[in-house]
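Data first, discussion second: the structure below is written as structure tokens.
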Amino acid sequence: MQAIDAKCVQDLISFDAVRLQRTCFVEIPPTQTLKRKHDDANEHAGSAPILSPNIPAPRSSSAQVQVNQEEQQQLQQQQVLMEQMQQTIQELSQFKKRMEPLWQQYQGEGVGGGGRGRGRGRGRGRGRGRGRGFRQVEEQQKLQQYQQEQEQLQQQLQQQQQPQQTLHHHQMQLLQQQQLQQQQQQLQQQMVFQTSQQSVMPLINIKTEY
Numbered sequence: 001m002q003a004i005d006a007k008c009v010q011d012l013i014s015f016d017a018v019r020l021q022r023t024c025f026v027e028i029p030p031t032q033t034l035k036r037k038h039d040d041a042n043e044h045a046g047s048a049p050i051l052s053p054n055i056p057a058p059r060s061s062s063a064q065v066q067v068n069q070e071e072q073q074q075l076q077q078q079q080v081l082m083e084q085m086q087q088t089i090q091e092l093s094q095f096k097k098r099m100e101p102l103w104q105q106y107q108g109e110g111v112g113g114g115g116r117g118r119g120r121g122r123g124r125g126r127g128r129g130r131g132r133g134f135r136q137v138e139e140q141q142k143l144q145q146y147q148q149e150q151e152q153l154q155q156q157l158q159q160q161q162q163p164q165q166t167l168h169h170h171q172m173q174l175l176q177q178q179q180l181q182q183q184q185q186q187l188q189q190q191m192v193f194q195t196s197q198q199s200v201m202p203l204i205n206i207k208t209e210y
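The sequence shown begins at 1 in full-length UniProt numbering and counts up one residue at a time.
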């Protein structure tokens with residue numbers, strides 16, 4: 001009877017391990033199979049195999065099934081998360097590709113183009129409104145930079161024109177001096193003519209008297 005009990009326990013353990021697809025954690029040393037005889041009552045003690053008293057109770061099938069289901073659910077959740085992450089990465093890359101030409105176009109537009117973009121974007125979403133504000137700031141920076149460049153050019157022109165202005169001033173001074181000299185010469189000529197007339201007039205009067 002002890003041998004039959006041991007054989008039944010071994011079969012149950014093997015069946016449980018195969019059903020759960022796990023290796024059996026109970027190691028029982030192999031023993032010879034006892035042949036049943038009619039004189040079972042005459043078997044002496046120790047002839048049948050005795051199992052170790054430290055054999056743990058086999059896990060119930062319902063608990064193991066629950067554990068397996070939980071593991072499968074976790075694996076499925078991980079797979080779903082991985083798929084979602086891959087999908088979001090692909091969407092981000094596609095969005096970046098779509099935005100690159102638009103960004104280049106916005107950078108290439110001038111002040112007027114920015115105004116037209118603002119007019120077209122009034123009825124659009126907040127995201128585009130933020131983009132419009134960013135473009136306004138960028139356009140203002142470009143205007144400031146353009147004004148600074150214009151001021152620098154004007155300063156350079158003034159510096160270049162200073163020698164020309166001084167030369168022109170000298171030329172004007174020379175012209176004025178020449179005009180003054182001419183006027184002086186004319187005055188001198190007039191004075192000489194007047195003096196000559198005054199000296200000749202008495203002689204003419206004397207001749208008329210004679």
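Here a beta-carbon is modelled for each residue, glycine too, at the ideal position from N, C-alpha and C.
Burial state of residue i, where buried means 16 or more other Cβ atoms lie within 10 Å
{"i": "Glu91", "result": "exposed"}
{"i": "Glu71", "result": "exposed"}
{"i": "Arg135", "result": "buried"}
{"i": "Glu100", "result": "exposed"}
{"i": "Glu139", "result": "buried"}
{"i": "Gly112", "result": "Confidence in Gly112 is poor, its pLDDT being 48 and thus under 50, which makes the residue's placement unreliable; the coordinate value appears in the next sentence. Exposed, by the Cβ-count rule."}
{"i": "Val192", "result": "exposed"}
{"i": "Gln194", "result": "exposed"}
For residue i, the three-state DSSP class (helix, strand or coil)
{"i": "Gly114", "result": "Because Gly114 sits at a pLDDT of 48, beneath the cut-off of 50, its placement in the model cannot be relied upon, and the following sentence gives the value as read from the coordinates. Helix at Gly114."}
{"i": "Gln197", "result": "helix"}
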